[in-house]
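For the record, the sequence lines run as chains A and B. Quick note: the first sequence uses this note's numbering, first residue 873, plus one each step. Quick note: the second sequence uses this note's numbering, first residue 873, plus one each step. For each residue, glycine too, the CB sits at the ideal point set by N, CA and C. Down below is the structure, laid out as C-alpha cells.
2 protein chains.
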Amino acid sequence: MQDKLLQFKQYLNRAGLKATRQRELIARAFFATTTHVSAEGLYRRVRGRHPRIGLVTVYRTLKLLKDAGLAHERQFGDGRALFEHASSERHHDHIICTECGKITEFASIEIEALQEQVVRRLGFQIQHHKLELYGLCRDCSAGAGRGPEVHAIGAG
Amino acid sequence: MQDKLLQFKQYLNRAGLKATRQRELIARAFFATTTHVSAEGLYRRVRGRHPRIGLVTVYRTLKLLKDAGLAHERQFGDGRALFEHASSERHHDHIICTECGKITEFASIEIEALQEQVVRRLGFQIQHHKLELYGLCRDCSAGAGRGPEVHAIGAG
DNA sequence: TTGACACTGATAATCGTTTTCACTTTCTTT
DNA sequence: AAAGAAAGTGAAAACGATTATCAGTGTCAA
C-alpha cells in the first residue's frame, strides 16, 4: 500500500501536479478498500476523519488515480461508477449478486477466446469487452426467503 | 407492425390503462425503427410530425412498452438508455464500434455455456448477463485514418 | 521567502430521467 | 349522447451522479 502511494506521488510529480494533503488522504483511503467503491462511498470513509474534505475533491482524485493507472472505473448499469484497484491484477470480469449486491471477480481464457472468434467472424477488430453476469451468490440462493443479506452495495 | 401495435393496445387494456393518441403515435414510431433508439431520438422522430408531444410522454410510453414485453432497455455505459424491439427475437449480445458507434447483434451458444460453467463453479445461480464487445467494425478498420463515418449514434 | 500556478471547496451547471401538478382525455356507465 | 371517474398529458421542477466555475488557499521550486 505504501508503494502504491509512492507510485501515485511519482505520477503527480512527473505530471507537474501537486501532492496535497487531501490527495494523500483520499488515495490512502482508496488503497485501503478491499472491494469496489463509489466516489460517494470513498467520500464517506474519508470524511469520517477529515470532515473538511469535499466530495468534488474525491472525484478529482479518483480521476487522477485512473490517469496514474492505479484505479479502474466500472459501470454496472445502475447509474454510478464503482472504482477498483488496478495495481498488478490482469483483466477480469464480474458476477454481481442481484440479492445482496456482492461483486465477485473471475477470468476465463476460454470465454475470451470465443469472443475473439465471434468478433473476427463479424469483421470486427476487438479492443476491449465488458462481461457482467447477474445471479444469486451461494449465500443468497441458500437462504432464499430469509430476505436480503446486509451488505453495503458498493457503498464502501 | 400492426400486430405489435395490437399487442400493445391489448396490454394497455388488460392493465386498465388508456390507449391514447400519443401512445399510439409513439409506439408506431418505435415499431418503425430498425435499430437501437434513445428516448431523445424517438422523441425527435415523433416530434417531426406531432410537435405537441412531450419528451416526458415518450419516456412514459417506452416504460409501458417494456412492461408490455415489447421493448428492451439497454445500458451501454454512455449514460443514456437505448431501446430495441423485444418481439420474438431471442437473447443476444452486442458489438459496438468505437469509431462510428454502429451496434451489431450476435449470439453464441458456446459463450453462454461457458458462462454457465464459470458461474456454477463459483457457487452462483445465473439469472441473466450482459456482454458487450468494443472494437472497430469492418468499415472503420479498413478506412482507418479517413476519420469517423457519419452515423447517428443511437440518435434514431 | 516568495511567487507562480496548481488546488480546494462551495456553489452552480449538466445530462438523462422522473416527479409534480393543474388541466385534458379516455372510456365505462347510463 | 352525456357524464363522471380515473388515467393521461405537458410544462416545469426535482433528481442523482458527475463536472465546471471561481475566489481564496496551498505547494514547491528557485
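Within chain A, partners of residue i - CB distance below 9 angstroms
| i | result |
| --- | --- |
| S980 of chain B | L986, Q987, Q989 and V990 |
Assumed close pair residue i, residue j - CB separation to whole angstroms, cut-off 8 angstroms
| i | j | result |
| --- | --- | --- |
| K1002 of chain B | E1004 of chain A | 5 angstroms |
| L914 of chain A | I925 of chain A | Not quite, the Cβ-Cβ distance comes to about 10 angstroms (not below 8 angstroms), so this is no contact. |
| Y931 of chain B | T970 of chain B | That pair is no contact at about 28 angstroms. |
| L942 of chain B | F880 of chain B | 6 angstroms |
| I968 of chain A | F948 of chain A | 6 angstroms |
| T976 of chain B | H963 of chain B | That pair is no contact at about 15 angstroms. |
| R946 of chain B | A953 of chain B | 7 angstroms |
| L994 of chain B | E982 of chain A | Not really, about 15 angstroms apart at Cβ, beyond 8 angstroms. |
Closest residue to residue i among the options (Cα-Cα distance)
| i | options | result |
| --- | --- | --- |
| H922 of chain B | B:K938, B:A901, B:L934 and B:L937 | B:A901 |
| L1008 of chain B | B:Q997, B:C972 and B:F978 | B:C972 |
| V990 of chain A | B:L986, B:K935 and B:F978 | B:F978 |
| E912 of chain A | A:T892, A:E896 and A:F955 | A:F955 |
| R893 of chain B | B:T906, B:K938, B:V918 and B:R1010 | B:V918 |
| T933 of chain B | B:E896, B:R886 and B:T905 | B:E896 |
| T907 of chain B | B:I981, B:H944, B:R1010 and B:D1011 | B:H944 |
| A904 of chain A | A:K938, A:K876, A:A887 and A:E982 | A:K876 |
| T929 of chain B | B:A891, B:H957 and B:G951 | B:A891 |
| H957 of chain A | A:Q874, A:L937, A:G951 and A:D950 | A:L937 |
| S910 of chain B | B:L884, B:L889, B:C1012 and B:K935 | B:K935 |
| C1012 of chain B | A:R1010, A:G888 and A:I998 | A:I998 |
| R974 of chain A | A:R1010, A:S980 and A:E988 | The sequence given here places Lys at residue 974 of chain A; Arg does not occur at that position. Of the candidates A:R1010, A:S980 and A:E988, the one whose C-alpha sits nearest the C-alpha of K974 of chain A is A:R1010. |
Contacts of residue i in chain B (Cβ-Cβ under 9 angstroms)
| i | result |
| --- | --- |
| I998 of chain A | I967, L1005, Y1006, G1007 and L1008 |
Chain-ordered neighbours of residue i on chain B, where CB pairs are closer than 7 angstroms
| i | result |
| --- | --- |
| T976 of chain A | L994 |
Within chain A, the residues that residue i reaches when beta carbons sit closer than 7 angstroms
| i | result |
| --- | --- |
| T970 of chain B | Q999 |
Contact test: residue i Cβ vs the ligand GTP heavy atom, cutoff 7 angstroms
| i | result |
| --- | --- |
| R946 of chain B | Looking at this structure, you won't find the ligand GTP or any other ligand, since it has none at all. |
Next item on the list: Give, in chain order, every residue of the stretch 1002-1014 of chain B whose Cβ lies closer than 8 angstroms to some Cβ of chain A.
Entry: Here the close residues are K1002, L1003, E1004, L1005, Y1006, G1007, L1008, C1009, R1010 and S1013.
Note to self: Can you pull out the residues from the stretch 924-953 of chain A whose beta carbon lies closer than 7 angstroms to at least one beta carbon of chain B?
What the structure shows: The residues in question are Q947 and G949.
Note to self: Against chain B, which members of the stretch 895-919 of chain A pass a CB distance test of less than 7 angstroms?
What the structure shows: Within the stretch 895-919 of chain A, not one residue has a Cβ closer than 7 angstroms to any Cβ of chain B.
Item checked: Segments of 3+ residues assigned as beta strand (DSSP E) that fall wholly inside the stretch 933-991 of chain B -> Counting whole runs of 3 or more residues, the stretch 933-991 of chain B contains the beta strand (DSSP E) stretches 943-947, 953-957, 965-969 and 975-978.
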